[in-house]
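Residue numbers (the working numbering): 2 to 77.
All residues carry an ideal CB built from backbone N, CA and C; glycine is no exception.
Since the structure comes first, as structure tokens, the remarks are kept for the end.
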């Protein structure tokens with residue numbers, strides 16, 4: 002089954018070998034993982050720390066949905 006998918010990807014994306022498919026797939030995974038780690042470090046961890054330091058600033062689920070809806074409308 003693995004060879005089937007490798008060959009299908011090769012045919013669709015014009016890769017010369019299955020090893021090229023694997024190489025590009027691994028590069029894509031590493032790039033995605035790096036982006037996820039950066040997002041966690043730069044945005045999620047500081048937001049969690051700020052919320053822990055001041056729990057009163059938290060929004061309810063309803064408030065969060067309303068905030069996001071208003072933000073989407075401003076960006077349209």
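Rounded separation between residue 46 and residue 20 - CA only: 37 Å
Sequence-distant residues of the same chain with beta carbon closer than 7 Å to residue 59, five excluded per side: Within the same chain, residue 59 has close Cβ partners 52.
Three-way DSSP call (helix, strand, coil) for residue 63 in this model: helix
Residue 2, DSSP secondary structure in three states: Confidence is the limiting factor: at residue 2 the pLDDT is only 48, short of 50, which leaves the residue's position unreliable and the question unanswerable from this model.
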